[in-house]
Each structure stands twice: as C-alpha cells, then as structure tokens.
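Mapping of the sequence shown onto mature numbering (1 follows the signal peptide of the UniProt record, and there is no 0): residues -27 to -1, 1 to 346, in sequence order. Before any comments, here is the structure.
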Amino acid sequence: MILSRRSIILSGITVAAAGALPGFAYAAAGTPKRLVFVIQRGAADGLATVAPTGDPAFAAARRALADETAGGAKLDGMFTLHPSLTQTAGLYTSKQAHFAHAVATAYRDRSHFDGQNMLEGGGSRPYGRDTGWVGRLLTLLPAAERDAIAIAPAVPLALRGSVQVGTYAPSRLPQADADLIARLTAMYADDPLLHPLWDSAVKTQELASDIGGNNGRNGADLGKLAASLMLPADGARVMMVETGGWDTHSGQRGRLAAQLRGLDQLIGALQAGLGPAWNDTLVIVATEFGRTVEVNGTGGTDHGTASTAMLLGGGLAMGGKVSADWPGLGASARYEGRDLKPTRSLESVIAGAVAHHYALDPKRVMATLYPDA
C-alpha cells in the first residue's frame, strides 16, 4: 500500500512527506535500531566494486577492465575500492564499512529473476517461499522497530510476511507539462507553505531515473528521501531500497562508474540525513549474483556467480575490513571455468550482521531468515 501520510500528489508528481520537509520536521527519534536493505538488481560486478588487485591473475583476467579501479582507495594488500565510492571509502577508514567478498546465495544458475527471488525469499530454490527474509526478521523485532517500508512501486518479496509493511514510490501518473511546472514554480515562489512542498516535488521527480543518472545525484536524492522516511519519531525503522541498472553486459567502465557513484551518494546522503541515528543503523547492500571474470567482446561482463556484499553503519562489529576466503582468479580456480567461485554464503553474512545489530541469538536469526539453510 502507499502510505498517504508520507506522500502528497500535486499535478502528477509525488511529493515527500510533510514530516520530511522544512517547517514540518518531526522531533528526531531516540536510539531505536534501523535497518536498510539496498538491492542491486541486475547482478553488480563485485570484481570491479572491490577489486582483488593483489591477485596475480587479476590484470590478465580482466584485461581492458583491469584499470577500472585505478585511483581507488587501497583497502588492504589485496583489495582496492572502486574510485567512484569515495564516501564509502571514508566510511571504511572510520571503520563504518565492511566488505564481504566471494559470497553468493545458494543459487547457482544465472537468471536475474530466479536469482533475485532467491536473494529476497531466502529459500533453497527459486520460488520456494512466498515470504522474504526481511519480512520474517520483523517477527523477531520489538513492536517499536517493526515499522517497515519499501521505496518501490509494490512490496518486494524480501519484505513480505505476516507483518504489514508499506511502500513509497515516485508517482506513475502522467508526466506534468514543463510549462505547467514552470508556471506553478513561479506561483508558489513566495508562498512559505507551498514553496518547499513544490520544490521537493520537482526534485523527487528525478528518482524515477536510474540511480546512476544525473551524475549520481539521483542516488543522493534517493538517500535523502530514505533518511526523511526513517528519521522521524514515527518513521520507518526497516527499509528496502530498490536500485536497478547493474547489468553491465556492454560498455561497463563508464556505466558501472555511474552506478557506483549513485550508490555512494545514496549512502552518503543517508548517513548525513540520519545524523546521530546512523550509529544505530545497519545498511546491507547485496546483489543476486556477480559477473564473469573475463571481459566479453563489447567491453562488458556476463552473468556470473559470486560477488561482493557491503555492510555499513556506525556500529559495525568488523568495520574497516574485507572478509574473504579468496579462491583466486586463475582459470582452474574459477567456478565452472568462468566465474568468481563462491567461498561463503551470502545468507550467513546477512544473518550474522543482523544478529549482531539487533543483539539476537545468531542461530535463531539464521533459522528464521533462512529456514531451509
């Protein structure tokens, strides 16, 4: 359902909730836990996001994409962060970011739809469950921390369960005429009530684009929106943010750089918008599977297996580290001769992070989130 208290529709444009706008701010909440799950739909390339530049086989395997991370932050002797992730690099330095590499769900084929279903549903096979791991997590949380919302047109599988959740999305009503927008902007310019509402509406309109659009500013707007929905005293405590555009079959260098810039700005805006509440927030960024080790003939990569997951927040147990049982990129070390081999389950990474964040029994969390594991 669309939460009407968090949206206003003016001339076909969805406006952020009054509680997120100047002059209408609620008092900030105390210190309840917050969780944000950012899904990267399309199979994000973990080998470029957190590049294993210390692997002797990396340069030869990646060929034209080997220098994609040139200028990125050195995380340790093995891994280099993509240069688009500048704010994320700062979080890593301050021990507020952790990267889990060579991870994958139990899914081993390469269909986006099936892989995303496994990532969200947490079952042992695609379409094996009609509830999601976040939806099941809600049953373990205190009532005050169960208010959940997705920035998506409909409730994603990951959030489905016995606890009712909401959605927020840019309006799909017909696009307003540019002249009408200009006239209304002029009309509301001197109105202390409607001007901030209208200004926010115009900016929110951009969120319908890919996260990497507008030089990454779409990601920043999305992060600001997410923070505005979570910070109020009666705001959401659990959120899922959908991002698309990660399927880099061709021209990966520029496309992925834009995508990661948008993600970086999303994370930075979310941190800034939450303020002190960031210290009690866990952000999980994950994708359905990774990309091939080798570059294809169009300067891109094809569907693979293992990838990288990100954990971010002010209270991480292992911030400032990359965890990886690294399998190597040599031809004989790859999964089916083409992909980064998974050496750790993404399910265990998510369950472990969530258990620590909420101070819950890890075995109970694992059994609830992934009952088929």
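Beta carbons: idealized from backbone N, C-alpha and C, even for Gly.
Mind checking who histidine 74 pairs with in its DSSP beta bridge? Here residue 74 refers to the residue found at position 101 of the sequence shown. Note: histidine 74 sits in a beta bridge opposite Thr281.
Grab the span of the alpha helix (DSSP H) containing valine 327 for me, first residue to last. Numbered from its first residue, the sequence shown carries residue 327 at position 354. For valine 327, the uninterrupted alpha helix (DSSP H) run begins and ends at 319 to 331, by DSSP.
Give a yes or no on contact between the segment 262 to 278 and the segment 304 to 311, applying the rule of three or more CB pairs nearer than 8 Å. Touching, yes, given that three or more Cβ pairs across the two stretches are closer than 8 Å.
Residue ranges of each alpha helix (DSSP H) run of no fewer than 4 residues wholly in the segment 9 to 35, ordered along the chain? Listed in chain order, the complete alpha helix (DSSP H) runs (minimum 4 residues) inside the segment 9 to 35 are 19 to 22 and 31 to 35.
In whole angstroms, give me the CA-to-CA distance for glutamine 137 and lysine 294. For the purposes of this step, residue 137 is taken as the residue at position 164 of the sequence shown. For the purposes of this step, residue 294 is taken as the residue at position 321 of the sequence shown. It is roughly 36 Å from the alpha-carbon of glutamine 137 to the alpha-carbon of lysine 294.
Same chain only: Cβ atoms within 8 Å of alanine 2, ignoring 5 sequence neighbours per side: On the sequence shown, residue 2 is found 29 positions in, with the first residue counted as 1. Caution is warranted here: a pLDDT of 37 is assigned to alanine 2, below 50, making its placement in the model unreliable, and no coordinate value can be reported.
Specify, as a first and last residue, the run of the beta strand (DSSP E) that serine 305 falls within. Stepping through the sequence shown from its first residue, residue 305 is reached at position 332. Segment: none, serine 305 is in no beta strand (DSSP E) and carries neither H nor E.
What's the gap between the Cα of leucine 243 and the Cα of alanine 200? Within the sequence shown, numbered from 1, the residue matching residue 243 stands at position 270. Within the sequence shown, numbered from 1, the residue matching residue 200 stands at position 227. Rounded to whole angstroms, the separation of the alpha carbons of alanine 200 and leucine 243 is 5 Å.
Between the C-alpha atoms of proline 300 and glutamine 89, what's the straight-line distance to the nearest angstrom? In the sequence shown, counting from the first residue as 1, residue 300 sits at position 327. In the sequence shown, counting from the first residue as 1, residue 89 sits at position 116. Proline 300 and glutamine 89 have their C-alpha atoms some 24 Å from each other.
Which value, in whole angstroms, describes the spacing of the CA atoms of serine 84 and threonine 112? In the sequence shown, residue 84 corresponds to position 111, counting from 1. In the sequence shown, residue 112 corresponds to position 139, counting from 1. When rounded, the distance between both Cα atoms is 30 Å.
For glycine 292, collect the residues of the same chain with a Cβ closer than 7 Å to its Cβ; drop the 5 residues on either side in sequence, then sort them by chain order. Here residue 292 corresponds to residue number 319 of the sequence shown, with the count starting at 1. Excluding positions up to five away in sequence, the list reads Lys68, Gln69, Ala70 and His71.
Report the three-state DSSP secondary structure of arginine 102 (helix, strand or coil). Here residue 102 refers to the residue found at position 129 when the sequence shown is read from its first residue. Correct three-state label for arginine 102: coil.
Take leucine 48 as the anchor and find which of Ala346, Ser296, Val338 and Ala324 has the nearest alpha-carbon. Numbered from its first residue, the sequence shown carries residue 48 at position 75. Comparing Cα-Cα distances from leucine 48 to each of Ala346, Ser296, Val338 and Ala324, the minimum goes to Ser296.
Selection from Val211, Gly96 and Leu198 that minimises the alpha carbon distance to valine 128: The residue you call residue 128 lines up with position 155 of the sequence shown. Considering only alpha carbons, the answer is Val211.
In angstroms, rounded to a whole number, what distance separates the CA positions of proline 335 and glycine 325? In the sequence shown, the residue the question calls residue 335 occupies position 362. In the sequence shown, the residue the question calls residue 325 occupies position 352. Rounded to the nearest whole angstrom, the C-alpha separation of proline 335 and glycine 325 is 6 Å.
On the three-state DSSP scale, how would you describe lysine 197? In the sequence shown, the residue the question calls residue 197 occupies position 224. In the three-state DSSP reduction, lysine 197 falls in the helix class (H, G or I).
Contact between the segment 215 to 235 and the segment 7 to 23 (3+ Cβ pairs under 8 Å): With the cut-off at 8 Å, the segment 215 to 235 and the segment 7 to 23 touch.
Taking its Cβ as the centre, do 16 or more other Cβ atoms sit within 10 Å of threonine 260, making it buried, or is it exposed? Start at 1 with the first residue of the sequence shown, and residue 260 comes out as number 287. By the neighbour-count criterion, in which a residue is buried when 16 or more other Cβ atoms sit within 10 angstroms of its Cβ, threonine 260 is buried.
How is the beta strand (DSSP E) around lysine 294 delimited, first residue to last? If you number the sequence shown from 1, residue 294 lands on position 321. Note, lysine 294: beta strand (DSSP E), 294 to 296.
From residue 348 to alanine 282, what distance separates their C-alpha atoms? With the chain represented from -27 up to 346, any question about residue 348 goes unanswered, as that position is not in the structure.
So, helix, strand or coil for valine 107, using DSSP? Here residue 107 refers to the residue found at position 134 when the sequence shown is read from its first residue. Here valine 107 sits in helix by DSSP.
In this structure, what does DSSP give as the bridge partners for threonine 216? Stepping through the sequence shown from its first residue, residue 216 is reached at position 243. Gln13, per the DSSP bridge assignment.
Starting from alanine 230, trace the alpha helix (DSSP H) in both directions and tell me its first and last residue. Position 257 of the sequence shown holds residue 230. Run containing alanine 230: 225 to 247, per the alpha helix (DSSP H) assignment.
At the level of alpha carbons, what is the spacing between glycine 63 and proline 56? Within the sequence shown, numbered from 1, the residue matching residue 63 stands at position 90. Within the sequence shown, numbered from 1, the residue matching residue 56 stands at position 83. Between the C-alpha atoms of glycine 63 and proline 56 there is a straight-line separation of about 12 Å.
Close Cβ partners of arginine 102 (< 6 Å) along its chain, the five nearest in sequence each way excluded: One-based indexing of the sequence shown puts residue 102 at position 129. Excluding positions up to five away in sequence, the list reads Gly94 and Gly96.
Can you check which of these residues, Leu110, Ala231, Gly44 and Gly273, is closest to tyrosine 331 by C-alpha distance? Counted from its first residue, the sequence shown places residue 331 at position 358. Nearest of Leu110, Ala231, Gly44 and Gly273 to tyrosine 331, Cα basis: Leu110.
Report buried or exposed for tyrosine 100, applying the criterion of at least 16 other Cβ atoms within 10 angstroms of its Cβ. Counting from 1 along the sequence shown, the entry for residue 100 is found at position 127. So tyrosine 100 ends up on the exposed side.
Would you call the segment 30 to 49 and the segment 231 to 241 in contact, with 3 or more CB pairs under 8 Å? With a cut-off of 8 Å, the segment 231 to 241 and the segment 30 to 49 do not count as touching, because too few Cβ pairs lie within range.
Given this structure, state the Cα-to-Cα distance separating threonine 341 from glycine 196, to the nearest angstrom. On the sequence shown, residue 341 is found 368 positions in, with the first residue counted as 1. On the sequence shown, residue 196 is found 223 positions in, with the first residue counted as 1. Each residue's Cα considered, the two are about 29 Å apart.
Give me the DSSP bridge partner(s) of histidine 55. Reading the sequence shown from its first residue, position 82 is the one you call residue 55. Its beta-bridge partners do not exist; DSSP assigns none.
Per DSSP, lysine 47 is paired with what? In the sequence shown, counting from the first residue as 1, residue 47 sits at position 74. BP columns for lysine 47 point to Thr53.
Please state whether the Cβ-Cβ distance between leucine 255 and glycine 288 is less than 9 Å. Sequence index remark: in the sequence shown, residue 255 carries index 282 (1-based). Sequence index remark: in the sequence shown, residue 288 carries index 315 (1-based). Cβ atoms of leucine 255 and glycine 288: closer than 9 Å.
From aspartate 194 to alanine 77, what distance separates their C-alpha atoms? Reading the sequence shown from its first residue, position 221 is the one you call residue 194. Reading the sequence shown from its first residue, position 104 is the one you call residue 77. Distance between the alpha carbons of aspartate 194 and alanine 77: 29 Å.
So that I know if they touch, is there some Cβ in chain C lying closer than 9 Å to that of asparagine 188? In summary, chain C is missing from the structure at hand, where a single protein chain is found.
Coarse secondary structure for valine 258, derived from DSSP in three states: Counted from its first residue, the sequence shown places residue 258 at position 285. Reduced to three states, the DSSP call for valine 258 is strand.
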